[in-house]
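Worksheet: the structure to be examined is printed underneath.
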Amino acid sequence: MDKKIKTAVVFGTRPEAIKMAPLVLELKKRPEFEPVVIVTAQHRQMLDQVLDLFEITPDFDLNLMKPNQNLWSLTSDILTETKKIFEEIKPDIVLMHGDTTTAFATALSAFYARIQIGHIEAGLRTFNKDYPFPEEINRVLADAVSDLHFAPTEGSVENLLNSGIKEGRLNGSMDNSYEEGRRIYKTGNTVIDALLYTVEKNTDLSYLGLRDDLKTILLTSHRRENFGQPLENICDAVLDIVEKNKDIEVVYPVHLNPNVRNTVFKKLDNIERVKLIDPLDYAPFCALMKKAHIILTDSGGVQEEAPSLGVPVLVLRDETERPEAVHSGCVKLVGTSREKITSTVNKLLSDEAFYNSMKMAVNPYGDGLASKRTADIILSRFS
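Residue 477 in our numbering sits at position 333 of the sequence shown, with consecutive numbering throughout.
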């Protein structure tokens, strides 16, 4: 190939950065590609931690994070700033990830610029536009304007096919003009690539002061729909769990959002065997997931990662756009009911057969080769 494929890789939050980092590293290894990394810094501090871990230096840093920013201003800022960059660098393809405002606004900007668009982690759905908000609509709209859809699972492929998007193929003629039909490829999830890369580092957790004689329950909850009473219910469930089970400790890296911190510290501060800590960098967080006996979370990424480590996951949501892990048995939906969270955790702690049925379930999200498959597909498209 005479001309390198100029590939703009755009992300702005920590979860996006984690999932895009192994793809950036894969593209950088290949002489056929000229990757250009653009970060919106929708999440500034948490994004920088991941960039440092994977040793990625952005080519463009929009630094858009502002105090109390809202969806209107963030979306318009991303549209305006990416327009300038796309006009300057003239990429052959723009890659964005998932369901953030950065992903949707970047896809729309590339569509306006008539640049081919590749959506990493395409096809996730809850089929409820308000849950999660605004992520469900972000991913639906991003899929609608994308040309290549890199779906992590068969379920995601089916969602895209049912929405009228054409299925992909690796063999045969591929015209790389903009008018080429949209295509879908099942690749696995790049988050598994990132996880396997990171856990090999054997990160030291001694500074957290965790007790070796106690089982660790890792808790994360930060989603907007859980603000208020749902998060209070989660905290009350934690109080019930530590009261009943003297052989466990709960570790909660508390999100920096005041809507989370105010509730959590009011309910759980200074409670015996409940450790409230600041958000962790990705490497120690992976190490903490690996150490955990059980994970409680409303995070999408954790639902995908933890099963690769053999850790049962209870999802603090009523719906999930990642049903494959639920179907495989390694993840269960418990919502934000105090009683259901408490009873399910207690069963995992007391019923060894139930615990092992979740621990031993097969992770449906991949084998650590999603980034390689994605790069192969893009190369095939442009060859």
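Even glycine gets a Cβ: it sits at the ideal position worked out from N, Cα and C. If you're wondering where the values come from, they're calculated on a predicted model, not measured in any experiment.
Between residue 202 and residue 182, the CB-CB gap stays under 8 Å.
Burial is judged here by how many other beta carbons sit within 10 angstroms of a residue's own beta carbon; residue 180 has at least 16 and is buried.
In its chain, beyond the 5 residues on either side, 379 have a beta carbon closer than 6 Å to the beta carbon of residue 411. DSSP places residue 360 in the uninterrupted beta strand (DSSP E) bounded by 359-364. Within the model, the alpha-carbon separation for residue 447 versus residue 508 is close to 11 Å. Straight-line spacing of the CA atoms in residue 207 and residue 185 works out to 5 Å. Nearest in C-alpha terms to residue 252, of all of 397, 154 and 477, is 154. As a beta-bridge residue in DSSP terms, residue 329 pairs with 294.
Out of 462, 473 and 400, the CA that lies nearest to the CA of residue 450 is found in 473.
With contacts defined as CB atoms closer than 8 Å, residue 239 and residue 342 fail to qualify as a contacting pair. In the DSSP assignment, residue 210 falls outside any beta strand (DSSP E), carrying neither H nor E. Annotation: the continuous alpha helix (DSSP H) that includes residue 491 extends over 482-494. Fully enclosed alpha helix (DSSP H) runs of no fewer than 4 residues occupy 373-388 and 402-412 of the segment 367-428, in order along the chain. At a Cβ-Cβ threshold of 8 Å, residue 278 and residue 245 count as neighbours. The Cβ neighbour count for residue 416, taken over all protein chains shown within 10 Å, is under 16; the residue is labelled exposed. Between residue 465 and residue 297, the C-beta gap is not smaller than 8 Å, which leaves the two residues out of contact.
The beta carbon of residue 490 sits closer than 8 Å to those of 385, 388 and 389, all from its chain and outside the five residues before and after it, given in chain order. At a Cβ-Cβ threshold of 8 Å, residue 395 and residue 419 count as neighbours. Distance from the CA of residue 169 to the CA of residue 523, rounded to the nearest whole angstrom, comes to 15 Å. The alpha-carbon of residue 357 is positioned some 30 Å away from that of residue 461. Taking a 10 Å sphere around the C-beta of residue 308, we find fewer than 16 other C-beta atoms and assign the residue as exposed. Under the three-state reduction of DSSP, residue 240 is assigned to strand.
Less than 8 Å separates the beta-carbon of residue 293 from that of residue 267. Residue state for residue 277 is assigned as coil, using DSSP reduced to three classes. In the three-state scheme derived from DSSP, where H, G and I count as helix and E and B as strand, residue 356 is classed as coil. Contact between the segment 278-287 and the segment 254-270 is present, with at least three C-beta pairs closer than 8 Å. Boundaries of the alpha helix (DSSP H) around residue 193: 188-198. Here the alpha carbons of residue 242 and residue 444 stand approximately 10 Å from one another.
For residue 480, the CB contacts under 7 Å within the same chain, skipping 5 residues up- and downstream, are 370, 374, 377, 378 and 460 in chain order. If you draw a straight line from the Cα of residue 339 to the Cα of residue 430, it comes to about 7 Å. In the displayed model, residue 506 falls within coil according to three-state DSSP, outside both helix and strand.
If you check the CB distance, residue 421 and residue 392 do not come in under 8 Å. Contact annotation, residue 406 with residue 366: C-beta distance approximately 13 Å; criterion of less than 8 Å not satisfied. No Cβ-Cβ contact shorter than 8 Å links residue 295 with residue 336.
Secondary structure at residue 476: strand, using DSSP grouped into helix, strand and coil. The C-beta distance from residue 478 to residue 484 rounds to 5 Å, short enough to fall under 8 Å.
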